[in-house]
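Structure first, commentary second.
Numbering (this note's numbering), first residue to last: 20 to 137.
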């Protein structure tokens, strides 16, 4: 068997995690994506296959670096009011195969501080 790259290992973990985690209308799934320069989040209802809310640090024409912990916490502060506006207060957290460390952990903790429970 060939050695898997780091991203292929992450995708394999992601598929294993997704087999256990399902988002519903009552508790949608918070899926995070972390790239080198940006961080993005989607709130997904898997029963209907709909993305309810999404937000990213990437902006058209913006070349500044947003791949740090402060950008992830700011993203959590910005998405929490959108979630509350859509009557979402309980979610299932999908770390997408990333370690619960750094930006992913900072985002999750800030989201909890904003009143979203998971």
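Using N, Cα and C, we set each Cβ at its ideal position, and we do this for glycine too.
Checklist entry - Does the distance from the C-beta atom of residue 76 to that of residue 52 stay below 8 angstroms? => result Counting from one through the chain shown, the residue named residue 76 turns up at place 57. Counting from one through the chain shown, the residue named residue 52 turns up at place 33. Not closer than 8 angstroms, so no.
Next on the checklist: Just to confirm, is the Cβ distance from residue 113 to residue 73 under 8 angstroms?
Outcome noted: Within the chain shown, numbered from 1, the residue matching residue 113 stands at position 94. Within the chain shown, numbered from 1, the residue matching residue 73 stands at position 54. Contact: no.
Checklist entry - When you compare only the Cα positions, how much space is there between residue 43 and residue 95? => result In the chain shown, residue 43 corresponds to position 24, counting from 1. In the chain shown, residue 95 corresponds to position 76, counting from 1. Here the alpha carbon of residue 43 sits roughly 21 angstroms from the alpha carbon of residue 95.
Item to check | Boundaries of the alpha helix (DSSP H) in which residue 36 is found, first to last residue | outcome: Residue 36 sits at position 17 when you count from the first residue of the chain shown. Where residue 36 is concerned, the enclosing alpha helix (DSSP H) starts and stops at 25-37.
Checklist entry - Ordered along the chain, which non-local residues of its own chain (more than five positions away) have a Cβ less than 7 angstroms from that of residue 79? => result Looking up residue 79 in the chain shown gives position 60. So the list is empty, once near-sequence residues are dropped.
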